[in-house]
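Undergrad: Below is a structure I'd like to ask you about.
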Amino acid sequence: MIDNSDDLSNHFNHYNDDQRKCLKFAVISDPHLVSPNFQNDTRLAEESVEIFRETIKQIQFTNTDFIIITGDVMEAKEFGLINLELAFNELSKIDTPWFVLMGNHDSRYRVTKDNYHKIDFIKKFEGHGPNGNVAYWIKKIKEKKIALIGLDTSQERTSEGVIDNQQLKWVENELSRIPKDYFVLVFMHHPTIIFDKIVKDNKDLKMYCLNNHIQMQELFKINKSIKAVISGHNHVRRYRNKDGIHYIGLPSINTWPNMYSTFSVNSKNLKYQHMFINNDNQLEKAKNKLFSRNSSWSKYFANSSELKSYFSKGKNQRILEL
């Protein structure tokens, strides 16, 4: 069990001088862990646990300091408590330090049939980010002068995301306490930036950007220590630099292109790479589900070529100056 101290330095004491120069971590976005008898649209629901297990195996072959899961850890849409237990059991098997964020599918939906609520997720994952009654957190790595901030964008009974006033005050307070020579990396489920015009132009795609994204962009802009904001939710590979901040959108391991991401940070650069899951059959199945006529995404595009272009674009790796 990882302690909930905001200093992670003790987890890296065994590293030699060369290893200390670079922080390496992996991010898994939107695994949507769910009981195998559940089926839904473009996601590989039946294979979600298998995909997650194989992804963890791939990551643990590398020299990774920790793993962050940027929300939609599970599926609470129909039965929250069962899938919460399933997700926790899977994550508890991970040897590497790991931390979670809440996504919209981790909160209670209007149609959730059992007595699951957001607080159940927070209490279950306490010590892995969530603490007390909140799902947002901060971790500092003092020897590397890096701070990690995990935000909670989820709301019960809606897929839309927001940073509420209580959390906003917490963020402002924590940022004011971080030494000026630190790099800050922010992790969240809903993006703080509109990566694609289609999201801006379609009201029913509003949920694919944080409701108060302008407010958060302004907050990030005035805090020069913030170097990158890393999000999931949209299941696509995206990047944008705004006001000197690197906004990075991650693909999901559960829908095509079925990728997790590896990161390394030193005093000059942030490098990241999106990695395919290691199962060609699952990749092909996910691709067919996403690009079929029955896909929920098909109605937003004039033809299949536009649909494929939307999900196919985005670089698999970048080296970004800090």
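For the sequence shown, this note's numbering puts the final residue at 428, and the numbers step up evenly by one.
All C-beta atoms, glycine included, are put in the ideal place defined by N, C-alpha and C.
(1) Quick check on the DSSP output: the beta strand (DSSP E) that includes ASN189 runs from which residue to which?
(2) Does the separation of the CB atoms of VAL268 and ASN210 fall below 7 Å?
(3) Helix, strand or coil, according to DSSP, for THR168 in the structure here?
(4) Which residues does DSSP list as the beta-bridge partners of VAL133?
(5) Note down the Cα distance separating LYS381 from SER367, rounded to an integer number of angstroms.
(6) Among LYS246, GLN261 and SER260, which has the Cα closest to the Cα of LEU254?
(7) Quick one: grab the DSSP three-state call for THR264.
(8) Measuring only the C-alpha atoms, how far is ASN119 from GLY233?
(9) Run through the stretch 288 to 348 for me and flag every whole beta strand (DSSP E) of 3 or more residues, listed as ranges in chain order.
(10) Taking all protein chains shown into account, do 16 or more other C-beta atoms lie within 10 angstroms of the C-beta of GLU181, making it buried, or fewer, making it exposed?
(11) In the structure shown, what three-state DSSP assignment does VAL277 receive?
(12) Do you know how far the Cα of LYS377 is from the Cα of ARG424?
(13) With distances taken Cα to Cα, identify the nearest neighbour of TRP243 among ILE351, SER337, SER373 and ASP258.
(14) In chain order, what residues of the same chain lie with their CB nearer than 7 Å to the CB of GLU134, ignoring the 5 residues before and after it?
(15) Could you compute how far the alpha carbon of THR202 sits from the alpha carbon of LYS163?
(16) Keeping to the same chain, check which residues put their C-beta closer than 8 Å to that of THR218; ignore five residues upstream and five downstream.
(17) Run through DSSP, which three-state label would VAL52 get?
(18) Counting pairs of beta carbons, one from the stretch 289 to 299 and one from the stretch 314 to 332, are three or more of them closer than 8 Å?
(19) Is it the case that the Cβ atoms of ILE299 and TYR353 are separated by a distance below 7 Å?
TA: According to the structure data:
(1) Reading the sequence shown from its first residue, position 83 is the one you call residue 189. Looking at the DSSP string, ASN189 is not in any beta strand (DSSP E); the run it does join, the alpha helix (DSSP H), is 186 to 197.
(2) Working through the sequence shown from its first residue, we reach residue 268 at position 162. Working through the sequence shown from its first residue, we reach residue 210 at position 104. No; because the gap between Cβ atoms is not below 7 Å, this pair is not in contact.
(3) Against the sequence shown, residue 168 aligns to sequence position 62. Assignment of THR168 by DSSP, reduced to helix, strand and coil, places it in the coil class.
(4) By one-based count along the sequence shown, residue 133 stands at place 27. In DSSP, VAL133 forms a bridge with ILE174 and SER367.
(5) Taking the first residue of the sequence shown as 1, we reach residue 381 at position 275. Taking the first residue of the sequence shown as 1, we reach residue 367 at position 261. What sits at residue 381 in the sequence shown is Met, not Lys. Put simply, the backbone Cα of MET381 is about 6 Å away from that of SER367.
(6) One-based indexing of the sequence shown puts residue 254 at position 148. Answer by Cα proximity: LYS246.
(7) Numbered from its first residue, the sequence shown carries residue 264 at position 158. Three-state result, THR264: strand.
(8) Residue 119 sits at position 13 when you count from the first residue of the sequence shown. Residue 233 sits at position 127 when you count from the first residue of the sequence shown. In this predicted model, ASN119 has a pLDDT of only 45, less than 50, meaning its place in the structure is not dependable enough to derive any value.
(9) Correct list: 289 to 294, 332 to 337 and 344 to 348.
(10) The sequence position of residue 181 within the sequence shown is 75, counting from 1. Per the 10 Å Cβ criterion, buried.
(11) Locating residue 277 in the sequence shown gives position 171, where the first residue counts as 1. Helix.
(12) Position 318 of the sequence shown, counted from the first residue, corresponds to residue 424. Position 271 of the sequence shown, counted from the first residue, corresponds to residue 377. Those two C-alpha atoms are separated by around 6 Å.
(13) Translated into the one-based positions of the sequence shown, residue 243 becomes position 137. Of the listed residues, the one whose Cα sits closest to TRP243 is ASP258.
(14) The count along the sequence shown starts at 1 and reaches residue 134 at position 28. Note on residue identity: the sequence assigns Ile, not Glu, to residue 134. Cβ neighbours of ILE134 within its own chain (closer than 7 Å, five residues either side excluded): THR161, ILE173, ILE175, ILE359 and TYR366.
(15) Reading the sequence shown from its first residue, position 96 is the one you call residue 202. Reading the sequence shown from its first residue, position 57 is the one you call residue 163. Straight-line Cα distance between these residues: approximately 11 Å.
(16) Here the question's residue 218 lines up with position 112 in the sequence shown. The beta carbon of THR218 lies closer than 8 Å to those of ALA182, LYS183, GLU184, PHE185 and GLY186 in the same chain, with the five residues before and after it left out.
(17) Any answer about residue 52 is impossible in this case: the structure gives the chain only from 107 up to 428.
(18) Enough Cβ pairs lie closer than 8 Å, so yes.
(19) Position 193 of the sequence shown, counting from 1, holds the residue named residue 299. Position 247 of the sequence shown, counting from 1, holds the residue named residue 353. Yes, these two residues count as a Cβ contact at 7 Å.
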